[in-house]
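*Asks:*
In the numbering used here, the protein residues as written are 337 to 858.
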């Protein structure tokens with residue numbers, strides 16, 4: 337099937353469909369969702385199994401934590417490759433290859449015979465899983481175009497939001513009833529189904545232009561990201577950014593990233609991550625927002641279950657279930673935002689989302705040892721609604737004004753910012769919490785629950801601050817929807833006139849009759 341024909345079919349169907357997404361586009365979204373959900377579910381399942389794995393292999397926490405750290409570093413290495421790999425091999429081939437690698441890694445993890453072998457196999461699994469989420473976003477952005485991307489992302493996000501809630505519960509059941517190997521074997525049937533669906537139903541969607549591989553950029557950026565994220569993980573684990581085992585790799589990684597930035601702005605070939613995309617205000621604002629979302633969301637996901645376990649004495653499964661109100665709030669907001677996102681100003685929706693997330697965080701900044709669970713649950717619903725109201729417009733706004741050929745590399749850049757933000761947020765809040773928890777014991781081993789709760793309250797103030805910092809970035813987002821009528825072009829037919837109104841409406845990836853909004857240089 338011809339590439340152009342496949343792209344045109346999706347676009348043409350949506351052009352006359354009003355507010356409805358055409359069936360082929362929804363089917364594509366469901367196909368990629370099967371693969372994406374298994375990766376997200378795997379991460380949360382494994383997080384509750386580390387203690388069991390340490391006992392099974394008779395190793396300490398410092399060793400078994402590499403099951404998570406190794407996976408995280410593999411993600412950091414492969415994410416920058418997303419844009420180039422889609423250009424070179426196509427979205428469908430890369431999707432199938434990544435799913436297959438994740439499947440092989442899952443099987444190997446399930447038959448691991450030692451902690452070292454499990455860590456090595458988790459790196460293989462992470463190499464496949466790290467590509468799947470940015471590939472999903474790239475494939476959907478190319479198929480939908482900017483005028484429909486918001487609704488489509490809202491559609492696939494609703495079931496994906498269940499994974500943080502279901503993961504700890506599913507992991508606990510598998511470990512208790514079947515053994516730890518099944519937390520990896522459970523991925524096998526889902527991956528097989530996802531591969532079969534993608535092979536059968538996913539269209540070939542190649543980017544028209546191919547660029548040479550940026551080997552120098554890869555040698556700088558991927559190791560730099562991995563080393564920097566390792567340093568952040570060590571800082572969080574040790575509760576101190578000044579510890580040489582955290583500071584040295586962190587500074588080394590940041591130096592490599594800085595050298596990559598210098599290289600990317602000077603090289604004559606298209607760099608692995610094209611920093612020139614930051615000329616566009618909407619992309620700059622979206623990347624900054626995703627970084628700050630990572631700080632706030634992933635940092636809070638560290639604090640919330642720990643508070644319930646350490647201060648309230650909840651089990652891991654109970655703590656996971658108590659996070660359900662946040663998932664409920666996100667799902668409720670997704671349903672509403674999905675109807676509005678492509679017809680409403682992204683800037684307005686994001687600002688509303690920031691306000692809701694701040695209001696939903698206030699109760700946690702005042703948390704005590706006996707704070708009402710009803711109040712905390714209601715706050716989580718509000719916080720979840722705010723995060724959802726802000727995140728979907730941000731993801732779709734990243735592509736406003738960009739050419740379809742820029743989408744793969746733009747996706748890589750946004751995912752990198754989110755990954756770094758998540759790692760930094762987790763590390764910062766772990767360090768803040770560690771400092772606040774010092775001195776919370778009294779009378780030997782006795783724990784002062786009031787002081788311990790206050791330590792968490794201080795850490796929650798930081799998550800609220802991260803949300804407030806997002807306001808300036810939100811102001812860079814477009815003030816009108818992607819499907820709004822574009823401004824009239826000058827009549828002189830100049831190149832400046834063409835660039836002022838965005839890509840040509842016939843460009844693959846855009847709905848005929850619609851274009852991207854104006855790309856505003858920063």
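Glycine included, each C-beta is placed from N, C-alpha and C at the ideal position.
In this structure, does DSSP put residue 869 in helix, strand or coil?
*Replies:* Because the chain here runs from 337 to 858, residue 869 falls outside it and cannot be looked at.
*Asks:* Could you tell me if residue 532 is buried or exposed, where buried requires 16 or more neighbouring beta carbons within 10 angstroms of its beta carbon?
*Replies:* As a working mapping, residue 532 is identified with position 196 in the chain shown. That one is exposed.
*Asks:* Tell me, please, whether the segment 734-741 touches the segment 757-764 by the rule of three or more beta-carbon pairs shorter than 8 angstroms.
*Replies:* Because the criterion of three Cβ pairs below 8 angstroms is not met, the segment 734-741 and the segment 757-764 do not touch.
*Asks:* Quick one: grab the DSSP three-state call for residue 616.
*Replies:* For the purposes of this step, residue 616 is taken as the residue at position 280 of the chain shown. Here residue 616 sits in strand by DSSP.
*Asks:* In angstroms, rounded to a whole number, what distance separates the CA positions of residue 441 and residue 786?
*Replies:* Position 105 of the chain shown holds residue 441. Position 450 of the chain shown holds residue 786. Straight-line Cα distance between these residues: approximately 44 angstroms.
*Asks:* What residue range is occupied by the uninterrupted alpha helix (DSSP H) comprising residue 540?
*Replies:* Counting from 1 along the chain shown, the entry for residue 540 is found at position 204. Neither: residue 540 is in no alpha helix (DSSP H) and is coded neither H nor E.
*Asks:* Using a Cβ distance threshold of 8 angstroms, determine whether the segment 614-632 contacts the segment 801-818, with at least three qualifying pairs required.
*Replies:* The segment 614-632, when compared against the segment 801-818, does touch it at the 8 angstroms Cβ threshold.
*Asks:* Decide if residue 644 is buried, meaning its Cβ has at least 16 other Cβ atoms within 10 Å, or exposed.
*Replies:* Indexing the chain shown from 1 puts residue 644 at position 308. The residue is buried, with at least 16 neighbouring Cβ atoms inside 10 Å.
*Asks:* Below 9 angstroms between beta carbons: does that hold for residue 648 and residue 705?
*Replies:* Stepping through the chain shown from its first residue, residue 648 is reached at position 312. Stepping through the chain shown from its first residue, residue 705 is reached at position 369. Result yes, Cβ atoms of residue 648 and residue 705 sit closer than 9 angstroms.
*Asks:* Tell me which residues share the same chain as residue 552 and place their Cβ nearer than 8 angstroms to its Cβ, disregarding the 5 neighbours each side in the sequence.
*Replies:* Taking the first residue of the chain shown as position 1, residue 552 is located at position 216. Excluding residues within five positions, the ones whose Cβ falls inside 8 angstroms are 599, 603.
*Asks:* Are the segment 455-472 and the segment 412-422 touching by the rule of at least three beta carbon pairs closer than 8 angstroms?
*Replies:* Flag = yes, the segment 455-472 and the segment 412-422 touch.
*Asks:* Quick one: which unbroken alpha helix (DSSP H) runs of 4-plus residues sit fully inside the segment 363-420? Chain order, please.
*Replies:* You should have 386-393, 397-400, 402-414.
*Asks:* Can you tell me whether residue 845 is buried or exposed, with buried defined as 16 or more other CB within 10 angstroms of its CB?
*Replies:* Position 509 of the chain shown, counted from the first residue, corresponds to residue 845. Its pLDDT being 36, under 50, residue 845 is placed unreliably in this model, and the value from its coordinates should be taken loosely. Residue 845 is buried by the Cβ-count criterion.
*Asks:* Look at the alpha carbon of residue 789 and the alpha carbon of residue 422, and state the distance between them as a whole number of angstroms.
*Replies:* Start at 1 with the first residue of the chain shown, and residue 789 comes out as number 453. Start at 1 with the first residue of the chain shown, and residue 422 comes out as number 86. Those two C-alpha atoms are separated by around 47 angstroms.
*Asks:* Could you pull out every residue in the same chain whose Cβ sits closer than 7 angstroms to the Cβ of residue 451, ignoring the five residues on either side in sequence?
*Replies:* Here residue 451 corresponds to residue number 115 of the chain shown, with the count starting at 1. So the list reads 393, 395, 399, 400, once near-sequence residues are dropped.
*Asks:* Classify residue 515: buried if its beta carbon has 16 or more other beta carbons within 10 angstroms, exposed otherwise.
*Replies:* Position 179 of the chain shown, counted from the first residue, corresponds to residue 515. That one is exposed.
*Asks:* Under 7 angstroms Cβ to Cβ from residue 692, same chain only, skipping five residues before and after it: list those, please.
*Replies:* Taking the chain shown and counting its residues from 1, the one referred to as residue 692 is at position 356. 718, 721, 722, 725, listed in sequence order.
*Asks:* Report the CB separation of residue 761 from residue 632 in whole angstroms; it is logged as a contact under 8 angstroms.
*Replies:* Counted from its first residue, the chain shown places residue 761 at position 425. Counted from its first residue, the chain shown places residue 632 at position 296. About 6 angstroms; that satisfies the 8 angstroms criterion.
*Asks:* Please tell me whether residue 389 and residue 403 are closer than 9 angstroms, where the distance is taken between their beta carbons.
*Replies:* On the chain shown, residue 389 is found 53 positions in, with the first residue counted as 1. On the chain shown, residue 403 is found 67 positions in, with the first residue counted as 1. Yes, the pair counts as a contact, with Cβ atoms nearer than the cut-off.
*Asks:* Return the CA-CA distance between residue 577 and residue 771, expressed in angstroms with no decimal places.
*Replies:* The residue given as residue 577 occupies position 241 in the chain shown. The residue given as residue 771 occupies position 435 in the chain shown. Looking at the two C-alpha atoms, the distance is approximately 11 angstroms.
*Asks:* Is there contact between the segment 585-592 and the segment 429-441, where contact requires at least three CB pairs shorter than 8 angstroms?
*Replies:* No contact exists between the segment 585-592 and the segment 429-441.
*Asks:* Alpha carbon to alpha carbon, how far is residue 742 from residue 612? Give it in angstroms, no decimals.
*Replies:* Residue 612 sits at position 276 when you count from the first residue of the chain shown. Residue 742 sits at position 406 when you count from the first residue of the chain shown. If I take the Cα positions, the gap works out to 11 angstroms.
*Asks:* Which same chain residues, not among the five before or five after residue 488, have their C-beta less than 7 angstroms away from its C-beta?
*Replies:* Counting from one through the chain shown, the residue named residue 488 turns up at place 152. If we look at residue 488 and ignore the five residues flanking it on each side, its Cβ neighbours are 357, 361, 365, 476, 480.
*Asks:* Smallest Cα separation from residue 373: which of 505, 523, 391, 538?
*Replies:* Position 37 of the chain shown holds residue 373. Taking only the C-alpha atoms, the option nearest residue 373 is 523.
*Asks:* So, residue 596 versus residue 560, is the Cβ gap smaller than 9 angstroms?
*Replies:* Position 260 of the chain shown, counted from the first residue, corresponds to residue 596. Position 224 of the chain shown, counted from the first residue, corresponds to residue 560. Cβ distance < 9 angstroms, so residue 596 and residue 560 count as in contact.
*Asks:* Just the Cα atoms here: how many angstroms apart are residue 639 and residue 536?
*Replies:* Along the chain shown, read from residue 1 onward, the residue named residue 639 stands at position 303. Along the chain shown, read from residue 1 onward, the residue named residue 536 stands at position 200. If you take the alpha carbons of residue 639 and residue 536, they lie about 42 angstroms apart.
*Asks:* By Cβ distance, which residues of its chain are closer than 7 angstroms to residue 746, with the 5 residues on each side in sequence left out?
*Replies:* What you label residue 746 is simply residue 410 of the chain shown in a count that begins at 1. If we look at residue 746 and ignore the five residues flanking it on each side, its Cβ neighbours are 613, 619, 734, 735, 738.
*Asks:* What three-state label does DSSP hand residue 428 in the structure shown?
*Replies:* Translated into the one-based positions of the chain shown, residue 428 becomes position 92. Residue 428: helix per DSSP, three-state reduction.
*Asks:* Cutting at 7 angstroms between CB atoms, please list the residues of its own chain near residue 696, excluding the five before and the five after it.
*Replies:* The count along the chain shown starts at 1 and reaches residue 696 at position 360. 715, 716, 718, 719, 722.
*Asks:* Which term fits residue 683, buried or exposed, when burial requires 16 or more other beta carbons within 10 angstroms of its beta carbon?
*Replies:* Looking up residue 683 in the chain shown gives position 347. By the 10 Å Cβ count, residue 683 comes out buried.
*Asks:* May I have the straight-line CA-CA distance separating residue 377 from residue 571, to the nearest angstrom?
*Replies:* Position 41 of the chain shown, counted from the first residue, corresponds to residue 377. Position 235 of the chain shown, counted from the first residue, corresponds to residue 571. Cα to Cα, the separation comes out at about 26 angstroms.
*Asks:* Is the beta carbon of residue 701 closer than 9 angstroms to that of residue 793?
*Replies:* Position 457 of the chain shown, counted from the first residue, corresponds to residue 793. Position 365 of the chain shown, counted from the first residue, corresponds to residue 701. Contact: yes.
*Asks:* Helix, strand or coil, according to DSSP, for residue 768 in the structure here?
*Replies:* To locate residue 768, count along the chain shown from 1; it is residue 432. Residue state, collapsed to three classes: helix.
*Asks:* With DSSP run on the structure shown, which of helix, strand or coil describes residue 675?
*Replies:* Your numbering for residue 675 matches position 339 in the chain shown. Correct three-state label for residue 675: helix.
*Asks:* What is the rounded straight-line gap between the Cα of residue 660 and the Cα of residue 367?
*Replies:* As a working note, residue 660 is residue 324 in the chain shown. As a working note, residue 367 is residue 31 in the chain shown. Each residue's alpha carbon lies about 26 angstroms from the other.
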